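Protein sequence lines correspond, in order, to chains F and R.
Each residue of the first sequence is one higher than the one before, starting from 1006 at the first, in our numbering.
Each residue of the second sequence is one higher than the one before, starting from 922 at the first, in our numbering.
Yeah, the Cβ is synthetic: ideal placement off N, Cα and C, and Gly gets one too.
Remember, it's a predicted structure, so these values are computed and weren't measured experimentally.
Notes to accompany the following structure.
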Amino acid sequence: MDSALLIHRLQFAFTVTFHYLFPQLTMGLAPLIVVFKTMFLRTGNETYNQAARFWAKVFGINFIMGVVTGIPMEFQFGTNWSQFSRVTGGVIGQPLVMEGVFSFFLESAFLGMFLYGEKRLSPRGHWWSAMLVFLGSWLSGFFIIVTDAWMQHPVAFERAADGSFQVTSFWGLLLNPWALLQYAHNMSGAVITGAFVMAAVGAWYLLEGKFVEHGRQFVRIGVIAGLIFSVLQIFPTGDLHGKMMAKYQPVSTAGMEGLFESESGAPMVIIGQPDEERRRIDNPIVVNKALSFLIYGTTTAEVRGLNHFPKSDWPTNIPLLYYSYHIMAGLGTIFVAVMLPAAFLLWRNRLYGARIMLWILMLCLPLPYIANTAGWLTAELGRQPWLVYGLMRTTEGYSKYVSAGNGLFSLLGFMGMYAMLAILFLFLVSRELTHGPGDPARDETIGTITA
Amino acid sequence: MLLIWFLLVAIMITAYVVLDGFDLGAGVVHLFVARTDDERRTVIRTIGPVWDGNEVWLLAGGGTLYFAFPLLYASGFSGFYLPLMIVLWLLILRGIGVELRMHLESPVWRGFFDGAFSLSSLLLTVFFGAALGNVIRGVPLQKDGYFFLPLWTDWRVGALPGVLDWYTVLAGVVTLVALTLHGAHYVALKTSGDLSVRAALLARRLWPVLALVTILSLWGTLAIRPELLRNYQAFPVLYGIPLAVAASLAAMFVYQRRQAEKAAFLSSCAWLVFMLVGAAAGVYPNLLTSSTTSDLNITVYNAASGMHSLSIGLIWWSFGMILALGYFVFVYRMFKGKITAEGGHG
Chain F
1006 MDSALLIHRL QFAFTVTFHY LFPQLTMGLA PLIVVFKTMF LRTGNETYNQ
1056 AARFWAKVFG INFIMGVVTG IPMEFQFGTN WSQFSRVTGG VIGQPLVMEG
1106 VFSFFLESAF LGMFLYGEKR LSPRGHWWSA MLVFLGSWLS GFFIIVTDAW
1156 MQHPVAFERA ADGSFQVTSF WGLLLNPWAL LQYAHNMSGA VITGAFVMAA
1206 VGAWYLLEGK FVEHGRQFVR IGVIAGLIFS VLQIFPTGDL HGKMMAKYQP
1256 VSTAGMEGLF ESESGAPMVI IGQPDEERRR IDNPIVVNKA LSFLIYGTTT
1306 AEVRGLNHFP KSDWPTNIPL LYYSYHIMAG LGTIFVAVML PAAFLLWRNR
1356 LYGARIMLWI LMLCLPLPYI ANTAGWLTAE LGRQPWLVYG LMRTTEGYSK
1406 YVSAGNGLFS LLGFMGMYAM LAILFLFLVS RELTHGPGDP ARDETIGTIT
1456 A
Chain R
922 MLLIWFLLVA IMITAYVVLD GFDLGAGVVH LFVARTDDER RTVIRTIGPV
972 WDGNEVWLLA GGGTLYFAFP LLYASGFSGF YLPLMIVLWL LILRGIGVEL
1022 RMHLESPVWR GFFDGAFSLS SLLLTVFFGA ALGNVIRGVP LQKDGYFFLP
1072 LWTDWRVGAL PGVLDWYTVL AGVVTLVALT LHGAHYVALK TSGDLSVRAA
1122 LLARRLWPVL ALVTILSLWG TLAIRPELLR NYQAFPVLYG IPLAVAASLA
1172 AMFVYQRRQA EKAAFLSSCA WLVFMLVGAA AGVYPNLLTS STTSDLNITV
1222 YNAASGMHSL SIGLIWWSFG MILALGYFVF VYRMFKGKIT AEGGHG
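In structure tokens, the structure reads:
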């Protein structure tokens, strides 16, 4: 591979992967904070409001990190992928501007009010500010998914004489069936992160025997939301997404599953290492006929393997694609396996004393981050070797005038910068977690920072 | 339709410069006019609820450029690769400078973020000015519409310039002075007591500098790009723009002395608007000028998206802008008046 192309890909992959660690929590926490605010309004119980305030602080730190690491994403379309931007600007420029115009303005206007304006708003007014921040963050996610979905499954366009893509239908672009499914799957994944983080923090408090009342609230809300969305993540969203992949990107499906040869009644590989040279899976543990059944609903259907497609159309990194997909799917299954017994214990009123379950909930904290990251790696590696699926190759899209050396300069710069951000983030969040919810003096000072 | 989108992009960039301009400027003056921790906290609080929204204009403006003139976005962003990467890092530093400062009660922590905030604000104003300077001066566009500029070459305005040469550095200095003054006006307007007095004094002292660099930049621009006067000669009414710049300078002078803080702030808004309008009127229909031959210029005609995309865009863009203006009115009304001691503002 051209070394400049490799650097451009690495830089985008690094910056977007790091970036998405933050929005997945903000988008996941936002609805849960609205839940706390709603419970406060309905019961008048101040501890729910304290819980909302506590998570709003974590949300705020996350939000800043999301903002400052998000700006480079839009810039890099032009700086590193100029030929892609030039050819597709008429289409995907649209959702990208819409994100700015419809969601960033909304978020930036109401975030300050939500974080710092509680004393100047009525309880209902403050509830609305939380609601609007939630809406803004979810709208923002939608426009980004529309952009990515168009690259995965281009619709509603025509090619102009100069080869550029132009929109033919505004609603066709926004309501791309791929986008709707991917959005449902992605947002459910974000709520899983929010729910697991909330449950983990609650479990930690209960195990340490501090902030017990809030700890119970966090575990309860976290487990309920965690169970609902872990199930939705697999069925229907994950299931439908997989079927859609198999239909429109069969070669990606073959790569994800490590299916080198076409097969009727194809098995599903649970564990094993893909060996691209010998075209086989090493040390496989498989479920016979499961893949055919999952995709086509019958155990005998033929699933096309990689051998069916010209090698030039194969995803460029099959082992990584295979592992990403398996990590995502494996963790998705584990999430249900964790949340089911936790929810059962909650229902039986025994969860708050079940130390082993609480330990498990606490230790699960990093897993949704890994699963969400692996999911995105699956989507984007599966799209390779294309930028716009079937129409424009990745090798055609990057900035030819930006040399590998200049690209490495900025990649290293981002790495240094983001290392600093990561340290600051962990430091500030751990301070908030240690300090815990419900300290009126602290709520007081935080409340006057900016507004 | 092309002229409409040119105007829309120009309006968004102008909105960005005027709005983010005052919070960048507040960053530049931060270390100079605010001496105690309380005062520095007050300066941050004057921009706290609005800086993020102001910066969205940069993203929305950049996105609009991407959508309406993809070739310009592609060529400009990849050609100015190095300065843009530095701008990104500065924006990151500045964002955390504003937002993380208050999290710890420690002089070292706060000192670090004060410094990061102020230094990144200062460098950003210079880079943004230099960027505008580059667009006016022109870049060595190749036949395929792309180019790549090193950060500097021999500092001269030739066929193979760098991002920084005497002209673009001059543009950077003009922007630094103008936004510093603009930010000082804003801080004077939004604060009270010593802080407000010091900010107003700084603004008064900068006035002659701004007047001088305004004239210098006009001279420099006409020296390297005399053809910018073409539109002016064709439509003499445009000569009103430089007059308006001069008038805003005069207004600034008068209002500064009358201690009319709001009027002074509005005059520096007007100065920024008219300078940008003057530049836009000069370059149209060119978007990015070639430093070698005018055949290679990127213009609104060869850079635009398809007509259908642009007409659809006009509908949702207008709708979104009405919403955005609504939010802005709402936020600035919630936030009007001077920042007072602890808690709220009067």
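Range covered by the alpha helix (DSSP H) that runs through residue i
i, result
"glycine 946 of chain R", "923-954"
"valine 1008 of chain R", "1002-1021"
"proline 1077 of chain F", "1051-1084"
"arginine 1225 of chain F", "1217-1237"
"arginine 1164 of chain F", "From DSSP, arginine 1164 of chain F is part of no alpha helix (DSSP H) but of the beta strand (DSSP E) over 1162-1164."
"tryptophan 1155 of chain F", "1128-1157"
"serine 1169 of chain R", "1161-1179"
"leucine 1319 of chain F", "For the record, residue 1319 of chain F in the displayed sequence is tryptophan; it is not leucine. No alpha helix (DSSP H) contains tryptophan 1319 of chain F, which DSSP labels as neither H nor E."
"serine 1087 of chain F", "1087-1103"
"histidine 1024 of chain F", "1008-1025"
"lysine 1252 of chain F", "1244-1253"
"valine 1040 of chain F", "1028-1048"
"arginine 1151 of chain R", "1151-1155"
"serine 1193 of chain F", "1182-1213"
"leucine 1158 of chain R", "According to the sequence shown, residue 1158 of chain R is valine rather than leucine. From DSSP, valine 1158 of chain R is part of no alpha helix (DSSP H); its letter is neither H nor E."
"arginine 1125 of chain R", "1114-1145"
"leucine 1025 of chain R", "Neither: leucine 1025 of chain R is in no alpha helix (DSSP H) and is coded neither H nor E."
"glutamate 1148 of chain R", "Taken as a continuous stretch (DSSP letters only), glutamate 1148 of chain R belongs to no alpha helix (DSSP H), as it is neither H nor E."
"tyrosine 1121 of chain F", "1110-1121"
"leucine 1178 of chain F", "1175-1179"
Limits of the unbroken beta strand (DSSP E) element including residue i
i, result
"valine 1291 of chain F", "1285-1292"
"phenylalanine 1170 of chain F", "1170-1172"
In DSSP terms, what residue i is bridged to
i, result
"valine 1060 of chain R", "R:Ser1211"
"proline 1279 of chain F", "F:Ile1286"
"methionine 1273 of chain F", "F:Val1292"
"tryptophan 1087 of chain R", "According to DSSP, tryptophan 1087 of chain R bridges with nothing at all."
"tryptophan 972 of chain R", "DSSP output for tryptophan 972 of chain R lists no bridge partner at all."
"glutamate 1307 of chain F", "F:Ser1269"
"tryptophan 1073 of chain R", "R:Leu1085"
Entirely within the region 1330-1408 of chain F and at least 4 residues each: give me those alpha helix (DSSP H) ranges in chain order. 1360-1368, 1372-1388
Which residues, in chain order, does the region 1378-1407 of chain F contribute to contact with chain R at a C-beta distance below 8 Å? Ser1404, Lys1405, Tyr1406, Val1407
Anything in the region 1023-1043 of chain R with a Cβ closer than 7 Å to a Cβ of chain F? List those residues in chain order, please. Met1023, His1024
Secondary structure, beta strand (DSSP E): runs of 3+ residues fully inside the region 1202-1253 of chain R: 1207-1209
Flag this pair as touching only if the region 1012-1028 of chain F and the region 1414-1424 of chain F have three or more C-beta atom pairs under 8 Å; answer yes or no. yes
What residues from the region 1265-1276 of chain F come within 8 Å of chain R, judged by C-beta to C-beta, listed N to C? none
Could you please tell me which residues of the region 1202-1233 of chain R, in chain order, have their CB closer than 7 Å to any CB of chain F? Ser1226, Gly1227, His1229, Ser1230, Ile1233
Counting only runs that start and end within the region 1413-1452 of chain F, where is the alpha helix (DSSP H) found for 4 or more residues in a row? 1445-1451
Check whether the region 1011-1024 of chain R and the region 1053-1072 of chain R touch, using three or more Cβ-Cβ pairs below 8 Å as the test. no
Using a beta-carbon distance cut-off of less than 7 Å, what residues from the region 978-989 of chain R approach chain F? Leu980, Ala981, Gly983, Gly984, Thr985, Tyr987, Phe988
Output needed in chain order: residues of the region 1138-1160 of chain F with a Cβ under 7 Å from some Cβ in chain R. none
Which residues of the region 1089-1103 of chain F have a Cβ closer than 7 Å to any Cβ of chain R? Give them in chain order. Ser1090, Arg1091, Gly1094, Gly1095, Gly1098, Gln1099, Leu1101, Val1102, Met1103
Would you call the region 1205-1219 of chain F and the region 1327-1343 of chain F in contact, with 3 or more CB pairs under 8 Å? no
With 8 Å as the C-beta to C-beta threshold (strictly closer), list the residues of the region 1032-1045 of chain F near chain R in chain order. none
Taking Cβ-Cβ distances below 9 Å as the criterion, which residues of the region 1099-1126 of chain R are in contact with chain F? none
Cβ pair count under 8 Å reaching 3, the region 1147-1157 of chain R against the region 1100-1118 of chain R: no
At least three beta-carbon pairs within less than 8 Å, the region 1016-1036 of chain R to the region 1056-1072 of chain F: yes
Which residues, taken in chain order from the region 1002-1026 of chain R, show a beta carbon closer than 7 Å to some beta carbon of chain F? Tyr1002, Leu1003, Leu1005, Met1006, Leu1009, Trp1010, Leu1012, Ile1013, Gly1016, Ile1017, Glu1020, Leu1021, Met1023, His1024
Counting beta carbon pairs with one atom in the region 1395-1412 of chain F and one in the region 1085-1094 of chain F, are three or more of them shorter than 8 Å? yes
Please confirm if the region 1284-1294 of chain F is in contact with the region 1317-1324 of chain F, defined as three or more CB-CB distances below 8 Å between the two stretches. no
Cβ contact check for the region 1193-1209 of chain R and the region 1056-1072 of chain R: 3 or more pairs under 8 Å: yes
Are the region 1027-1046 of chain F and the region 967-983 of chain R in contact at 8 Å, needing three or more beta carbon pairs? no
So if I threshold CB-CB distances at 8 Å, which residues from the region 1237-1252 of chain R count as touching chain F? Trp1237, Trp1238, Gly1241, Met1242, Leu1244, Ala1245, Tyr1248, Phe1249, Phe1251, Val1252
Any C-beta of chain F within less than 7 Å: which residues of the region 1066-1089 of chain R qualify? Tyr1067, Phe1068, Phe1069
Under 9 Å (Cβ pairs) to chain F, residues found in the region 1156-1189 of chain R: none
Does the region 1137-1145 of chain F come close enough to the region 1106-1115 of chain F that 3 or more CB-CB pairs lie under 8 Å? yes
Is there contact between the region 930-945 of chain R and the region 1185-1195 of chain R, where contact requires at least three CB pairs shorter than 8 Å? yes
Using a Cβ distance threshold of 8 Å, determine whether the region 1236-1244 of chain R contacts the region 1089-1102 of chain R, with at least three qualifying pairs required. no
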